[in-house]
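Residue numbers (the working numbering), protein chains in the order written: chain D, 19 to 279; chain R, 3 to 322. For every residue, glycine included, the Cβ atom is placed at its ideal position computed from N, Cα and C. These numbers were taken from a predicted model, which means no experiment stands behind them.
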């Protein structure tokens with residue numbers, strides 16, 4: 019087998035080669051993000067800290083139950099926007115991406131590693147919130163619900179990865195964190211990550227369905243019967259459409275910059 | 003194409019651009035009258051460059067001359083507005099070509115939270131037939147810093163790690179873009195030794211630099227470029243030869259105007275307490291000076307340095 023491969027092509031490029039790159043790239047991306055405290059502490063730390071402040075103190079009135087899916091959504095969106103969007107924007111501006119592109123590394127491995135790492139962070143955040151909620155937040159949850167929540171959050175990493183790719187293309191690296199916060203914090207608020215949308219001022223309630231974050235939150239809340247009236251299919255469709263829109267825009271900008279380069 | 007290209011040069015007054023045996027080998031990388039514009043700025047203007055197997059070519063020029071643009075074109079990171087780029091017989095964007103190429107680029111920031119070992123391990127995994135880890139560590143002199151985080155390294159250690167990454171794939175063709183920037187003298191000399199070792203192993207190296215000493219020490223061929231055009235090319239000795247004359251430096255009381263009037267003198271400059279005279283026939287000039295000034299001392303006569311040649315060549319190009 020091995021001798022055959024060498025005889026056929028001296029480069030010996032096969033599935034194992036690509037699998038090894040993918041695994042290595044993902045492993046080191048995750049390790050790098052974990053060691054970058056500014057990222058790991060804020061992305062995991064904020065939802066956990068907020069849950070300790072607002073969830074644990076409201077464990078008797080059911081608000082804690084609301085915050086587990088709400089803050090899980092916040093976790094995945096921030097992991098994608100900061101981890102992928104900011105990550106690529108920085109590595110592009112610093113010339114690091116050029117060095118990687120000059121190597122035979124497949125582009126898909128680079129993006130794939132970032133997606134997998136951020137999905138990994140999202141799982142850590144969901145697990146931490148569920149554990150905190152069940153032990154200290156007065157949250158009741160079946161194993162099925164926990165699995166469903168994790169599934170929705172992982173699915174949610176797809177549209178926000180697409181958004182992060184667009185962010186990486188258009189946001190200048192040095193003002194990145196500010197701009198990302200400017201997009202992400204109001205979106206989190208209006209979409210009901212922190213409190214039910216029905217408690218928001220009326221004009222914000224009307225705005226919410228225009229936001230992808232709202233649809234993600236509704237899917238997560240529906241697992242616990244806390245969603246607004248409406249069908250899940252609409253939410254999945256909205257997220258699917260948003261993904262295509264973001265990927266399309268990112269692709270157009272990417273090919274334009276390639277043509278210019 | 004023309005007949006004169008086939009006839010071997012016998013006229014020694016016109017030195018061949020590179021030693022004849024290399025002419026017979028196929029170029030392993032080639033920029034073919036490439037033009038690259040960034041908006042209004044023309045970075046390279048009908049620029050041609052061929053790299054032959056086993057050569058160390060230095061691309062020498064001031065900042066903004068187009069050196070990095072040439073390297074980026076050869077790496078397939080950018081594409082030309084006109085002209086063609088071939089590397090190892092392929093388009094440089096072809097990943098087959100990239101498995102045989104190593105590059106050290108000017109990176110303003112490398113992910114700092116990975117260890118040297120991890121960076122090397124990751125880059126090795128990109129190549130189907132990588133150099134063994136221990137071999138990369140030995141060649142790039144990374145012994146003792148393998149387990150340090152990249153962010154904790156000194157400037158020279160960072161450059162050495164980047165050099166190590168360029169070697170990971172055991173490449174046939176290596177691009178070094180300003181490799182010794184930020185290195186101390188010792189690291190720089192160690193890297194020079196490594197480049198010589200690569201060359202001895204039959205690898206082809208293209209290095210860009212504005213350290214003339216570096217080009218002089220390493221290159222089998224120097225291509226001087228300015229404002230996106232080739233100013234001249236040849237061996238370091240040939241480049242130096244292009245600036246005629248020798249350099250006389252001494253401390254004297256003679257009037258600079260008198261010195262300028264001496265036969266074959268082309269330039270007179272004050273250098274702190276001494277005076278520097280460029281002359282075609284230094285013997286005559288020195289004899290005349292010694293006759294007039296008994297106090298003359300600190301006399302040195304040297305061939306024009308590559309630096310003088312470089313300054314003369316690039317400023318000529320600017321005036322032209």
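task: Please classify residue 79 of chain D: does DSSP put it in a helix, a strand, or coil?
output: coil
Practice problem: Output, in chain order, the set of chain D residues within a Cβ distance shorter than 7 Å of residue 108 of chain R. | Solution: 113
_Using a Cβ-Cβ cutoff of 8 Å, what residues of the region 119–133 of chain D are near chain R? List them in chain order._
119, 120, 121, 122, 123, 124
Checklist entry - Can you give the beta carbon distance from residue 153 of chain R to residue 114 of chain R, rounded, assuming they're within the 8 Å contact cut? => result 3 Å
Since residue 109 of chain R contacts residue 164 of chain R with CB under 8 Å, what's their CB separation in whole angstroms?
-> Right, their Cβ atoms sit about 7 Å apart.
>> Quick check: the Cα distance between residue 323 of chain R and residue 55 of chain R, rounded to an integer number of angstroms?
In response: Nothing can be reported for residue 323 of chain R, as the shown portion of chain R is limited to 3 through 322.
- Query: Hey, residue 156 of chain D and residue 88 of chain D are a contact pair by Cβ (cut 8 Å); roughly how many whole angstroms apart?
  - Reply: About 15 Å; that fails the 8 Å criterion.
Practice item. Sort out for me which residues DSSP pairs residue 176 of chain R with in a bridge. Key: R/104, R/207
field: Residue interval of the alpha helix (DSSP H) (run including residue 168 of chain D)
entry: 161–188
Give the DSSP bridge partners of residue 269 of chain R, in chain order. R/280
Check your understanding: Is it true that the CB of residue 250 of chain R sits closer than 8 Å to the CB of residue 279 of chain R?
Key -> yes
*Residues of chain D with a CB under 8 Å from the CB of residue 183 of chain R: which are they?*
Those within 8 Å of residue 183 of chain R in chain D number zero; the least Cβ separation is about 13 Å.
- Message: Output needed for residue 92 of chain D: all residues of its chain with C-beta closer than 7 Å, excluding positions within five of it in sequence on either side, in chain order.
- Response: 65, 206, 211
Check: Taking only beta-carbon atoms, is residue 53 of chain D less than 8 Å away from chain C?
Finding: Chain labels in this structure do not include chain C; the protein chains are D and R.
Checklist line | Test: residue 213 of chain R CB closer than 8 Å to a CB of chain D | finding: no
Fill in: residue 261 of chain D and residue 135 of chain D closer than 8 Å at C-beta
no
Could you tell me the boundaries of the beta strand (DSSP E) in which residue 58 of chain R lies? First-last of the beta strand (DSSP E) with residue 58 of chain R: 58–62.
On the criterion of 16 or more Cβ atoms from any shown chain inside 10 Å, does residue 47 of chain D qualify as buried, or is it exposed?
buried
- Query: Thinking C-alpha only, which one of R/47, R/299, R/82, R/76 is nearest residue 90 of chain R?
  - Reply: R/76
- Segment limits, alpha helix (DSSP H) that includes residue 146 of chain D: 125–154
Notebook entry, point to check: Anyone know if the C-beta pair for residue 46 of chain R and residue 184 of chain R falls short of 8 Å?
Noted result: no
Cβ of residue 60 of chain R within 8 Å of Cβ of residue 206 of chain R? No. Outside cutoff.
Based on Cα-Cα distance, which residue from R/292, R/248, R/118 lies nearest to residue 159 of chain R?
-> R/118
Worksheet item: Between the region 91–107 of chain R and the region 113–133 of chain D, are three or more C-beta pairs nearer than 8 Å?
Response: yes
* Asked: So is residue 128 of chain D buried or exposed if we call it buried at 16+ other beta carbons inside 10 Å?
  -> The residue in question, residue 128 of chain D, is buried, as its Cβ has 16 or more Cβ neighbours within 10 Å.
Using only alpha-carbon positions, find the residue among D/72, D/154, D/195, D/151 that is nearest to residue 102 of chain D.
-> Ranking D/72, D/154, D/195, D/151 by CA distance to the CA of residue 102 of chain D puts D/195 first.
Local conformation of residue 252 of chain R per DSSP, three classes: The answer is strand: DSSP assigns residue 252 of chain R an E or B state.
query = Skipping 5 residues on each side, what residues in its chain have a beta carbon closer than 7 Å to that of residue 68 of chain D?
reply = 89
| request: Starting from residue 49 of chain R, follow the beta strand (DSSP E) in both directions and report where the run begins and ends. | output: 43–54
### Query
Quick one: Cα of residue 96 of chain R to Cα of residue 104 of chain R, how far?
14 Å
Give me, in chain order, the residues of the same chain whose beta-carbon lies closer than 6 Å to that of residue 232 of chain D; leave out the 5 immediate sequence neighbours on both sides. 209, 226
Practice item. Answer yes or no: does any C-beta atom of chain R fall closer than 8 Å to that of residue 59 of chain D? Key: no
**OP:** Can you grab the Cα-Cα spacing for the pair residue 93 of chain R / residue 29 of chain R, in whole Å?
**Re:** Between residue 93 of chain R and residue 29 of chain R, the C-alpha separation is close to 14 Å.
Based on Cα-Cα distance, which residue from R/38, R/293, R/187, R/112 lies nearest to residue 84 of chain R?
R/38
> Are the Cβ atoms of residue 70 of chain R and residue 179 of chain R separated by less than 8 Å?
Replying inline: Residue 179 of chain R sits close to residue 70 of chain R, with the two beta carbons spaced by under 8 Å.
Fill in: Whole-angstrom distance between residue 106 of chain R and residue 272 of chain D, CA atom to CA atom
25 Å
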